[in-house]
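*Asks:*
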Amino acid sequence: MNPRASIWLKTVYARTWVRTKSIYGEPLWVAVNVGFPFFTSLALSLLYSSAGLKSGIGFAFLGGVMVSFWGNVLWSMASQFNWDKQQGLFELYITSPAPISAILIGMSLGGILGTAPSAITLAIVGWILFAPPANPLWPLVAVTFGLTLASLYAMGMALSSLYLVYGREADSVNEALHEPVSFLSGVYFPASLAFPAVLQAIALVIPLAVGMDALQRTLFSLNSTGVADLTLVYRDILLLAIMGITLLFAASKALKILEEKGRRAGTIAVRLR
Amino acid sequence: MSFRDAKPTVEVEDLHREFKGKEGTVLALDGVDLKVREGEVFGVLGPNGAGKTTMIRILSTLLLPSSGSARVMGWDVAKRPEKVRPLISTASGAERAGYDYITARGNLWFFSQLYGLSSKLAHERINEFSEMLGLTDYLDRKFYTLSTGYRQRVTVVRAFINDPKVVFLDEPTIGLDVMTALKIREFLLKQAKESGRTILLATHNMAEVDAICNRVGIIDKGKILACDKRSLGAPALVMEMTPPPDSASLEPLSKVDGVKGFTSSIDEERGVGRVQVVVDSDESAQGAIDFARKSGMNLISNWRQQTTLEEVFVALVGRGFREREHESPS
Chain A
1 MNPRASIWLK TVYARTWVRT KSIYGEPLWV AVNVGFPFFT SLALSLLYSS AGLKSGIGFA
61 FLGGVMVSFW GNVLWSMASQ FNWDKQQGLF ELYITSPAPI SAILIGMSLG GILGTAPSAI
121 TLAIVGWILF APPANPLWPL VAVTFGLTLA SLYAMGMALS SLYLVYGREA DSVNEALHEP
181 VSFLSGVYFP ASLAFPAVLQ AIALVIPLAV GMDALQRTLF SLNSTGVADL TLVYRDILLL
241 AIMGITLLFA ASKALKILEE KGRRAGTIAV RLR
Chain B
1 MSFRDAKPTV EVEDLHREFK GKEGTVLALD GVDLKVREGE VFGVLGPNGA GKTTMIRILS
61 TLLLPSSGSA RVMGWDVAKR PEKVRPLIST ASGAERAGYD YITARGNLWF FSQLYGLSSK
121 LAHERINEFS EMLGLTDYLD RKFYTLSTGY RQRVTVVRAF INDPKVVFLD EPTIGLDVMT
181 ALKIREFLLK QAKESGRTIL LATHNMAEVD AICNRVGIID KGKILACDKR SLGAPALVME
241 MTPPPDSASL EPLSKVDGVK GFTSSIDEER GVGRVQVVVD SDESAQGAID FARKSGMNLI
301 SNWRQQTTLE EVFVALVGRG FREREHESPS
């Protein structure tokens, strides 16, 4: 195998292993991963249930599942990357022949593997407790789900590149993005029904919003006839595919540009003493 | 051991690096020239803030120089970092380089993968180096449970796991107990001798330089002030005069040709002033004597001696390390 490809693959695998192992190394993190989205979903499901909006329950639990992954993008990638920088690990990545993109993809895969069990638990518990009315189109659900995760983690990679130049400022950007993105994406409710067209259009630049819209349509058949509006689902899938590719390309470019900028400004390494 | 015929692995020419901040521009490196050859352990000795870490960061491709050039194994570190990175490694005494919930072995395996090593080879090297550093019994412990000394041993193993041609070490034994520091120094020496690696060691520990370096460069305020064999081979001239001269009258001595620096002291009991001058030749020593006589100083005796590293440092930098370290904000 080409040595560069071999290093790339080995780095992805090793970073995935480290991330997964670290997540499961602390039981409290696992509990928090499952717990936080579960209680939010539970509260909203009870609210929807008491208001007689049975269809809302599905949104609440789907939102919980996706929020786990979205939180992971910010916490397990960008913030983890910042932690790596503060610990001096970042310097070791840069001075090794391993591409930073491989480190980030490994972190993404590790994050997905670390979050998946909590997301699956949440979905199963929600289904058992509330049995939300659903009409899933499984192949489309799988495609949409996969593309949404790919776009989200590509976005995470692009955000992470900011740490090559910035420190706390990038961390603050991450923090600031969390709630507005969750809100605009309509994670716990159907944004296509709740938001005016302008807000919906703005939300279309966020992969989570597009993914949520498509998942809600493919899982819960949003239109009035009880049949999924496949035209809109296909639009969302196309958008997600474009976003995924664009964000991956942007992340790869940003990593190169910001690494160069970091080397010039001296911001890659943190003085530890 | 002579390294004169060995090929240069690190070449630095007129290297400058500025840092621009809110409080103005700081010149961290001010025209550094350096050549280190294959198999050498080269010490870069200097007080905090002298520019040691900046130089290592440039050489290890973390930082770009403002001007000048630096090459490792013939590759320009600024223009071709991708060629330099597979050939080098770095380790710092301050780093925590490891994931807390992963074992020491797991951490080392992880870093080996960044260089594309096969798992079999990685584990062979982990076992071999850990044995040499007395780390074997701690390999399967989680990183956060290790003491500072054992973490540092992990860092040192990590720095050699990719079989680097050039290793940059920044204060690798800082804050360690004597035994751990000795173990690490033994390991470094063995690596340089048996594997022909070049080691560039930045430190302010003179004992470390004495113990393992073939050559040393003294750096201060971004300039290499002297660069030679371990003892710096610097001949010194000691002059005694009475009455002791004041510092203002001695000041022009530093301008005499071949005088690298000097220190002065007063023997109160004898009422004699003693000036130790670091010179580069016998002619320079004679020049210093002539200066003293022409300046009207009453020279009562003079003799030559070989300086210690510390004496050279004091003469060149102006103050001793302890004094410097004490003043340093960090």
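So the protein sequences, as listed, match chains A and B.
Residue numbers for the first sequence follow this note's numbering, beginning at 1 and rising by one.
Residue numbers for the second sequence follow this note's numbering, beginning at 1 and rising by one.
C-beta atoms are modelled at their ideal positions from N, C-alpha and C, and glycine is treated no differently.
Check B/S265 in the structure and name its three-state DSSP category.
*Replies:* As a position in the second sequence, residue 265 of chain B is number 265, starting the count at 1. Looking at B/S265 - three-state DSSP - the assignment turns out to be strand.
*Asks:* Determine which residues of the region 67 to 94 of chain A have a Cβ less than 8 Å from any Cβ of chain C, and write them out in chain order.
*Replies:* The structure shown contains no chain C; its protein chains are A and B.
*Asks:* Below 7 Å CB to CB, which residues in the same chain sit around A/Y188 once its five sequence neighbours on both sides are set aside?
*Replies:* For this step, residue 188 of chain A is matched to residue 188 along the first sequence. Counting only Cβ-Cβ distances below 7 Å, and skipping sequence neighbours, we find L44, F59, A60, G63.
*Asks:* Return no unless some Cβ of chain A is closer than 8 Å to the Cβ of B/P172.
*Replies:* Locating residue 172 of chain B in the second sequence gives position 172, counting from the first residue. Judged by the 8 Å Cβ criterion, B/P172 is not in contact with chain A.
*Asks:* Whose C-beta lies closer than 8 Å to the C-beta of B/L316 among residues of the same chain, with five residues either side of it excluded?
*Replies:* In the second sequence, the residue the question calls residue 316 of chain B occupies position 316. Counting only Cβ-Cβ distances below 8 Å, and skipping sequence neighbours, we find I218, D220, L225, A226, K260, G261, V278.
*Asks:* How big is the Cα-Cα spacing for A/F183 and A/A194?
*Replies:* Taking the first sequence and counting its residues from 1, the one referred to as residue 183 of chain A is at position 183. Taking the first sequence and counting its residues from 1, the one referred to as residue 194 of chain A is at position 194. About 11 Å.
*Asks:* Following the continuous beta strand (DSSP E) through B/V154, name the residue where it begins and the one where it ends.
*Replies:* Stepping through the second sequence from its first residue, residue 154 of chain B is reached at position 154. Looking at the DSSP string, B/V154 is not in any beta strand (DSSP E); the run it does join, the alpha helix (DSSP H), is 148 to 160.
*Asks:* Answer yes or no: does any C-beta atom of chain B fall closer than 8 Å to that of A/G167?
*Replies:* Stepping through the first sequence from its first residue, residue 167 of chain A is reached at position 167. For A/G167, the answer is no, since every Cβ of chain B falls outside 8 Å of its Cβ.
*Asks:* Please classify B/H204: does DSSP put it in a helix, a strand, or coil?
*Replies:* Against the second sequence, residue 204 of chain B aligns to sequence position 204. In the structure shown, B/H204 sits in coil (DSSP, three-state: anything other than H, G, I, E or B).
*Asks:* I need the boundaries of the alpha helix (DSSP H) containing A/V32, first residue and last residue.
*Replies:* The residue given as residue 32 of chain A occupies position 32 in the first sequence. Residues 27 to 50.
*Asks:* Report yes or no: is there a C-beta of chain B within less than 8 Å of the C-beta of A/T11?
*Replies:* Numbered from 1 along the first sequence, position 11 holds the residue referred to as residue 11 of chain A. Output row for A/T11: interface = yes.
*Asks:* If you drop the 5 nearest sequence neighbours on each side, which residues of the same chain put their C-beta closer than 6 Å to that of B/S301?
*Replies:* As a working mapping, residue 301 of chain B is identified with position 301 in the second sequence. So the list reads E240, once near-sequence residues are dropped.
*Asks:* How big is the Cα-Cα spacing for A/P133 and A/L164?
*Replies:* Taking the first sequence and counting its residues from 1, one reaches residue 133 of chain A at position 133. Taking the first sequence and counting its residues from 1, one reaches residue 164 of chain A at position 164. Cα to Cα, the separation comes out at about 46 Å.
*Asks:* Write down the C-beta distance between B/T9 and B/V166 rounded to the nearest angstrom, noting that I regard them as a contact closer than 8 Å.
*Replies:* Along the second sequence, read from residue 1 onward, the residue named residue 9 of chain B stands at position 9. Along the second sequence, read from residue 1 onward, the residue named residue 166 of chain B stands at position 166. Indeed they touch by this definition, with Cβ atoms about 5 Å apart.
*Asks:* Run through the DSSP bridge pairs and tell me what B/K223 is partnered with.
*Replies:* Taking the second sequence and counting its residues from 1, the one referred to as residue 223 of chain B is at position 223. B/D220.
*Asks:* Along the beta strand (DSSP E) that carries B/D14, what are the first and last residues, could you check?
*Replies:* To locate residue 14 of chain B, count along the second sequence from 1; it is residue 14. Where B/D14 is concerned, the enclosing beta strand (DSSP E) stretches over 8 to 21.
*Asks:* Which residues, in order along the region 204 to 227 of chain B, keep a beta-carbon less than 8 Å from a beta-carbon of chain A?
*Replies:* Within the region 204 to 227 of chain B, no residue has a Cβ that lies closer than 8 Å to any Cβ of chain A.
*Asks:* How far does the beta strand (DSSP E) with B/V256 in it reach, from first residue to last?
*Replies:* The residue labelled residue 256 of chain B in the question sits at position 256 within the second sequence. Taken as a continuous stretch (DSSP letters only), B/V256 belongs to no beta strand (DSSP E), as it is neither H nor E.
*Asks:* Do A/T115 and A/N72 count as a contact pair if the criterion is CB distance below 8 Å?
*Replies:* To locate residue 72 of chain A, count along the first sequence from 1; it is residue 72. To locate residue 115 of chain A, count along the first sequence from 1; it is residue 115. In this structure, A/T115 lies closer than 8 Å to A/N72 by Cβ.
*Asks:* Which of helix, strand or coil does DSSP assign to A/A134?
*Replies:* What you label residue 134 of chain A is simply residue 134 of the first sequence in a count that begins at 1. A/A134: coil per DSSP, three-state reduction.
*Asks:* If you reduce the DSSP assignment to three classes, tell me which class A/P190 lands in.
*Replies:* Taking the first sequence and counting its residues from 1, the one referred to as residue 190 of chain A is at position 190. Three-state result, A/P190: coil.
*Asks:* Can you tell me whether B/S231 is buried or exposed? The criterion is at least 16 other CB atoms within 10 Å of its CB, across all chains shown.
*Replies:* As a position in the second sequence, residue 231 of chain B is number 231, starting the count at 1. Confidence is the limiting factor: at B/S231 the pLDDT is only 49, short of 50, which leaves the residue's position unreliable, though a coordinate-based value still follows. B/S231 should be labelled exposed.
*Asks:* Consult DSSP for A/G58 and reduce its assignment to one of helix, strand or coil.
*Replies:* For the purposes of this step, residue 58 of chain A is taken as residue 58 along the first sequence, with counting starting at 1. The answer is helix: DSSP assigns A/G58 an H, G or I state.
*Asks:* Assuming the contact rule is C-beta atoms closer than 8 Å, B/V32 and B/L15 should be a hit. Round their C-beta distance to whole Å, please.
*Replies:* By 1-based counting over the second sequence, the position of residue 32 of chain B is 32. By 1-based counting over the second sequence, the position of residue 15 of chain B is 15. Between B/L15 and B/V32 the Cβ distance is about 4 Å, and since that is below 8 Å, they are a contact.
*Asks:* Name the chain B residues that come within less than 7 Å of A/V32, Cβ to Cβ?
*Replies:* Reading the first sequence from its first residue, position 32 is the one you call residue 32 of chain A. Within 7 Å Cβ-Cβ: nothing; A/V32 doesn't reach chain B, min ~15 Å.
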